[in-house]
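Shown next, in structure tokens, is the structure this report addresses.
2 protein chains.
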Amino acid sequence: MSEQTETDPEPTAEVPSPLLRRATLRDVATRAGVSTAAASKVLRGAYGVSPAMRERVQEAMAALSYRPNASARGMRGKTFTIGVLISDIQNQFYDQVMSGVAPVFAEAEYAVLIAQAAPSVESELAMVETMIDHRMDGLVLMTPTMPRAEIERFASLLPVVVVARGGGGAGFDTVSADDEVGSALIVDHLVGLGHRSIAHISVDSPDDDPTLPFRARTRGYEDAMRRHGLEERIDVISTGWTQAGGVSAAARLLERDALPTAIHAGADVAALGLLGVLWDRGVEVPGDVSVAGYDNSPIGMLAPISLTSVDQGADVLGRRAAELLLERIGGRTEPRSVRIRPTLVTRGTTAPPRA
Amino acid sequence: MSEQTETDPEPTAEVPSPLLRRATLRDVATRAGVSTAAASKVLRGAYGVSPAMRERVQEAMAALSYRPNASARGMRGKTFTIGVLISDIQNQFYDQVMSGVAPVFAEAEYAVLIAQAAPSVESELAMVETMIDHRMDGLVLMTPTMPRAEIERFASLLPVVVVARGGGGAGFDTVSADDEVGSALIVDHLVGLGHRSIAHISVDSPDDDPTLPFRARTRGYEDAMRRHGLEERIDVISTGWTQAGGVSAAARLLERDALPTAIHAGADVAALGLLGVLWDRGVEVPGDVSVAGYDNSPIGMLAPISLTSVDQGADVLGRRAAELLLERIGGRTEPRSVRIRPTLVTRGTTAPPRA
DNA sequence: GTCCACGCGTATAACGTTCTACGAGATCGT
DNA sequence: ACGATCTCGTAGAACGTTATACGCGTGGAC
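Respectively, the protein sequence lines represent chains A and B.
Numbers given in the numbering used here equal positions in the first sequence, counted from 1, plus 25.
Numbers given in the numbering used here equal positions in the second sequence, counted from 1, plus 25.
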């Protein structure tokens with residue numbers, strides 16, 4: 026609307042109608058008495074700047090509280106922004122992962138923006154496309170359920186790291202806890218307590234990609250059962266790893282003549298839904314039935330719940346993922362695959378079966 | 026966490042493509058045999074396109090699976106992207122709000138990206154700046170704790186709607202539940218049960234802006250106490266509305282000679298932390314002390330917790346916020362302020378005091 | 001027949017960066 | 001003394017859109 030005067034006495038008492046009029050690199054350059062190219066060099070820490078010039082430009086930037094326009098940057102160079110895809114933001118696990126991710130990118134001066142996907146492959150794909158539209162410099166995908174081919178396709182466009190879905194990839198990195206091992210930890214623990222009738226809640230999905238967490242954990246459960254000579258007792262209930270999934274699993278179990286003596290719920294959220302129903306029906310935990318979750322979420326630690334679970338080391342997962350992504354942005358192309366060994370956390374919901 | 030193993034799968038067959046080579050509007054135009062200006066018109070649904078041309082261009086877009094470059098768009102026009110600031114992503118309340126926000130923007134063909142702030146004003150400011158750097162078309166701020174002047178400043182740059190922090194604003198809209206009323210609902214409920222000794226957990230913060238939720242809820246508590254002639258019994262413990270805040274509030278209370286007969290925890294998360302300690306110490310709830318939360322989060326509904334709480338209508342809050350933001354983007358400048366009446370949800374953690 | 005409005009397209013200048021050239025001095029080896 | 005080299009700085013062309021300003025037929029009104 027009106028022209029900008031540098032000798033503006035009072036910092037605008039009026040409403041600034043020129044939507045989004047922030048200082049630009051050209052403003053900085055003008056104020057510092059150099060070319061925009063020079064200002065850009067200072068901004069990027071590029072070669073060819075004298076200490077004197079750097080000083081002046083930085084001063085001008087501070088004085089104008091200059092902030093680089095990410096859109097403009099995205100047109101030619103980098104945006105210094107990382108995109109994170111989270112499907113189930115409810116799940117505290119991802120929040121814990123983020124607490125590992127955030128400081129690494131903050132340290133490297135990358136901004137982080139999160140895209141929340143609805144629980145469907147289409148939504149995941151759409152959100153990833155959106156992040157690419159915004160020219161993010163790299164992507165962290167939290168337990169994507171999309172086909173691996175799609176992940177490869179994205180990875181051919183920009184650096185990608187997948188968290189909590191193992192198996193490695195040709196063009197991207199993966200960071201995950203070993204779900205088969207974690208699942209076996211639970212079975213071993215329950216068998217060690219004397220259980221033989223152990224049910225497992227899995228996810229009802231047509232996708233049988235072996236790297237999907239629920240496939241891996243179910244495989245770990247089945248292998249462990251076989252290893253203990255309990256092949257006949259393998260008992261998988263496929264609903265879903267949500268609170269609702271736990272509720273319907275409980276309903277199915279309660280329809281039977283007898284409950285199993287232990288349930289490996291696959292995820293804490295599912296265990297919570299399951300526990301809610303059991304408690305309501307007066308089923309005693311761990312008296313009548315032992316219950317184990319997976320993820321070691323903060324809620325499960327609460328005294329009245331005290332859920333036995335498996336810790337995936339979420340923050341470590343997040344930190345390693347961020348580090349790998351930075352490496353990839355730095356130019357590495359050989360894929361890497363980090364696998365963390367999960368640990369069992371024994372609490373009050375598991376105990377020996379009633380004699 | 027235990028140590029991890031790192032394996033490197035077979036090296037990449039090849040580096041797939043020149044990073045980020047997607048179809049551009051020019052490609053579309055060439056394929057359709059028109060100018061880029063024409064293609065742009067079709068893309069934006071602007072005036073001056075014949076049905077035939079529209080047809081051909083749309084066909085070309087589909088064939089090339091064209092996606093507009095948000096960075097380029099951001100340089101001149103809009104990015105069709107909304108930014109959401111969430112401070113405490115742990116808190117399920119915001120997830121519920123998002124479930125109201127998302128469909129509205131999806132319908133209007135806006136993408137939504139989330140910035141997660143650490144719990145500090147500096148972090149909030151930095152994340153908002155980041156979103157402006159990316160030339161978002163509008164911002165939804167979830168319970169920002171930054172000074173109102175800062176919000177006004179941002180609102181002078183782009184459309185802003187504030188959720189769950191009331192009071193209205195000069196240059197932005199607000200959508201919130203009435204915290205004073207909600208807080209009074211709890212006090213009335215407890216007094217109705219016969220309680221007279223009712224403590225309240227608030228937030229330890231130097232900021233006394235009356236629109237901050239914790240100020241409003243504490244005000245509501247105090248007013249209600251006065252209204253019931255319990256002015257002398259006003260008892261505010263300022264720690265924080267987090268699980269940890271609940272834990273330290275519990276510690277402070279247990280140091281005393283006698284516990285209050287009821288506690289208005291201010292937030293479900295704080296109530297959970299509080300409950301954990303009480304349960305551990307063998308304090309019976311609601312026998313020895315009644316506890317009420319605020320937010321009506323899914324965890325509190327779980328049978329063994331069964332937390333009395335206040336429902337803010339999170340999804341309605343989210344939907345209205347999104348609608349208001351779209352209006353603002355559409356050109357409205359008069360501020361609007363939506364206030365929702367919260368409702369009490371009575372559950373198992375509140376009961377009459379022991380005679 | 002002229003005039004003008006209208007419908008439909010195109011040409012082109014931004015937008016704010018990055019980055020490749022390139023030039024002007026200063027420094028240096030011989 | 002004289003190129004060769006290095007250091008520090010500038011010019012200017014992208015990048016992919018949007019939006020303004022035109023141009024050019026058509027056809028209706030007079």
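Idealized CB from N, CA, C, for every residue including glycine.
Remember, it's a predicted structure, so these values are computed and weren't measured experimentally.
At a Cβ cut of 8 Å, what residues of the stretch 222-251 of chain B count as close to chain A, listed as they run along the chain?
none
Histidine 214 of chain A: first and last residue of the uninterrupted beta strand (DSSP E) it sits in:
The residue given as residue 214 of chain A occupies position 189 in the first sequence. According to the DSSP assignment, histidine 214 of chain A belongs to no beta strand (DSSP E) but to the alpha helix (DSSP H) extending over 204-217.
For leucine 44 of chain A, which residues from the same chain have a beta carbon less than 8 Å from its beta carbon, with the 5 sequence-adjacent residues on both sides left out?
Start at 1 with the first residue of the first sequence, and residue 44 of chain A comes out as number 19. Residue confidence for leucine 44 of chain A is low, a pLDDT of 44 falling below 50, so the modelled location carries little weight; the figure read from the coordinates is stated next. For leucine 44 of chain A, where only same-chain residues beyond five positions count, there are no Cβ hits under 8 Å.
Does valine 40 of chain B pass the burial test, meaning 16 or more other C-beta atoms within 10 Å, or should it be called exposed?
Taking the second sequence and counting its residues from 1, one reaches residue 40 of chain B at position 15. Only weak support is given to the placement of valine 40 of chain B: the predicted model assigns it a pLDDT of 34, under 50, and the value that follows is read from those uncertain coordinates. When all chains shown are included, valine 40 of chain B counts as exposed.
Tell whether a beta-carbon distance below 8 Å holds between serine 334 of chain B and glycine 325 of chain B.
As a first step, residue 334 of chain B must be located in the second sequence, where it is residue number 309. As a first step, residue 325 of chain B must be located in the second sequence, where it is residue number 300. Yes; because the gap between Cβ atoms is below 8 Å, this pair is in contact.
Could you tell me whether any Cβ in chain B is nearer than 8 Å to the Cβ of glutamine 268 of chain A?
Within the first sequence, the letter at position 243 stands for residue 268 of chain A. Chain B contact via Cβ: present.
So with CB distances below 9 Å, who are the chain B contacts of threonine 49 of chain A?
For the purposes of this step, residue 49 of chain A is taken as the residue at position 24 of the first sequence. Here the premise fails: no neighbours, minimum Cβ distance about 12 Å.
Inter-residue Cα distance where the pair is arginine 344 of chain A and glycine 193 of chain A
For the purposes of this step, residue 344 of chain A is taken as residue 319 along the first sequence, with counting starting at 1. For the purposes of this step, residue 193 of chain A is taken as residue 168 along the first sequence, with counting starting at 1. Roughly 18 Å separates the two Cα atoms.
With 7 Å as the limit, tell me which residues of the stretch 149-178 of chain B have their beta carbon closer than that to any beta carbon of chain A; keep them in chain order.
Glu154, Thr155, Asp158, His159 and Arg160
Whole-angstrom distance between glycine 301 of chain A and glutamate 359 of chain B, CA atom to CA atom
Counting from one through the second sequence, the residue named residue 359 of chain B turns up at place 334. Counting from one through the first sequence, the residue named residue 301 of chain A turns up at place 276. Answer to the nearest angstrom: the Cα atoms are 47 Å apart.
Should serine 96 of chain B go down as buried or exposed, given a rule of 16 or more other Cβ atoms within 10 Å for buried?
Counting from one through the second sequence, the residue named residue 96 of chain B turns up at place 71. The residue in question, serine 96 of chain B, is buried, as its Cβ has 16 or more Cβ neighbours within 10 Å.
Quick one: which residues of the stretch 70-95 of chain B get their C-beta closer than 7 Å to a C-beta of chain A? List them in chain order.
Cβ contacts with chain A: Arg92, Pro93, Asn94 and Ala95.
Beta-bridge partners of glutamine 141 of chain A, as assigned by DSSP
Numbered from its first residue, the first sequence carries residue 141 of chain A at position 116. Secondary-structure assignment with DSSP links glutamine 141 of chain A through a beta bridge to A/Ile111.
Looking at chain A, which residues of the stretch 324-339 of chain B have a Cβ within less than 9 Å of any of its Cβ atoms?
Ile324, Met326, Leu327, Ala328, Pro329 and Ile330
In three-state DSSP terms, what is arginine 357 of chain A?
Translated into positions along the first sequence, residue 357 of chain A becomes position 332. Reduced to three states, the DSSP call for arginine 357 of chain A is coil.
Please state whether DSSP places leucine 166 of chain A in a helix, a strand or coil.
Start at 1 with the first residue of the first sequence, and residue 166 of chain A comes out as number 141. DSSP places leucine 166 of chain A in strand when its eight states are reduced to three.
Which residue or residues does DSSP assign as beta-bridge partners of valine 228 of chain B?
If you number the second sequence from 1, residue 228 of chain B lands on position 203. Per DSSP, B/Thr264.
Work out the CA separation of aspartate 336 of chain A and proline 169 of chain A for me, nearest whole Å.
Within the first sequence, residue 169 of chain A is the residue found at index 144, counting from 1. Within the first sequence, residue 336 of chain A is the residue found at index 311, counting from 1. Approximately 20 Å, taken between the alpha carbons.
Could you compute how far the alpha carbon of threonine 55 of chain B sits from the alpha carbon of aspartate 340 of chain A?
Against the second sequence, residue 55 of chain B aligns to sequence position 30. Against the first sequence, residue 340 of chain A aligns to sequence position 315. So the alpha carbons of these two residues sit roughly 48 Å apart.
Which of the residues in the stretch 110-138 of chain B, read from start to end, lie with their CB under 8 Å from any CB of chain A?
Those residues of the stretch 110-138 of chain B that come within reach of chain A (Cβ to Cβ, closer than 8 Å) are Ile114, Gln115, Gln117, Asp120, Met123, Ala127, Ala136, Val137 and Leu138.
Same chain, Cβ closer than 6 Å to alanine 347 of chain A, five either side skipped, listed in chain order
Your numbering for residue 347 of chain A matches position 322 in the first sequence. Cβ neighbours of alanine 347 of chain A beyond the five flanking positions: Val126, Val129 and Phe130.
Under 8 Å (Cβ pairs) to chain B, residues found in the stretch 202-222 of chain A
none
Check whether the stretch 105-122 of chain A touches the stretch 155-172 of chain A, taking contact to mean three or more Cβ pairs, one atom from each stretch, closer than 8 Å.
yes
My understanding is that alanine 136 of chain A touches phenylalanine 179 of chain A, with C-beta atoms under 8 Å, so please give their C-beta distance in whole angstroms.
Position 111 of the first sequence holds residue 136 of chain A. Position 154 of the first sequence holds residue 179 of chain A. At roughly 20 Å, the Cβ-Cβ gap does not stay under 8 Å, so alanine 136 of chain A and phenylalanine 179 of chain A are not in contact.
Going by the beta-carbon positions, is the gap between proline 238 of chain A and arginine 190 of chain A smaller than 8 Å?
Within the first sequence, residue 238 of chain A is the residue found at index 213, counting from 1. Within the first sequence, residue 190 of chain A is the residue found at index 165, counting from 1. Between proline 238 of chain A and arginine 190 of chain A, the CB-CB gap stays under 8 Å.
For arginine 364 of chain B, name the three-state secondary structure that DSSP assigns.
As a first step, residue 364 of chain B is located in the second sequence; it is residue number 339 there, counting from the start. Here arginine 364 of chain B sits in strand by DSSP.
Compare the Cα-Cα distances from alanine 151 of chain B to each of B/Met161, B/Ala140 and B/Leu50 and report the closest residue.
Start at 1 with the first residue of the second sequence, and residue 151 of chain B comes out as number 126. Here the closest residue by C-alpha is B/Ala140.
Counting only C-beta atoms, is aspartate 305 of chain B closer than 8 Å to chain A at any point?
On the second sequence, residue 305 of chain B is found 280 positions in, with the first residue counted as 1. Using a Cβ-Cβ cut-off of 8 Å, aspartate 305 of chain B counts as an interface residue toward chain A, since at least one Cβ of chain A sits closer than that to its own.
When you compare each of A/Asp162, A/Leu164, A/Asp113 and A/Ala63 to tryptophan 266 of chain A by their alpha carbons, which one comes out closest?
Position 241 of the first sequence, counted from the start, is the residue given in the question as residue 266 of chain A. The shortest C-alpha separation from tryptophan 266 of chain A is found at A/Asp113.
Quick one: Cα of threonine 199 of chain B to Cα of isoleucine 223 of chain B, how far?
In the second sequence, the residue the question calls residue 199 of chain B occupies position 174. In the second sequence, the residue the question calls residue 223 of chain B occupies position 198. Approximately 31 Å between the Cα atoms of the pair.
Taking the beta carbon of leucine 164 of chain A as the centre, do at least 16 other beta carbons fall within 10 Å, making it buried, or is it exposed?
Translated into positions along the first sequence, residue 164 of chain A becomes position 139. Counting Cβ neighbours within 10 Å, leucine 164 of chain A comes out buried, since at least 16 surround it.
Starting from leucine 369 of chain B, follow its DSSP beta bridges and name the residues at the other end.
For the purposes of this step, residue 369 of chain B is taken as residue 344 along the second sequence, with counting starting at 1. Looking at the DSSP assignment, leucine 369 of chain B forms a beta bridge with B/Val335.
Boundaries of the alpha helix (DSSP H) in which isoleucine 288 of chain A is found, first to last residue:
Here residue 288 of chain A is taken as the residue at index 263 of the first sequence, counted from 1. Isoleucine 288 of chain A -> not in any alpha helix (DSSP H); beta strand (DSSP E) instead, spanning 287-289.
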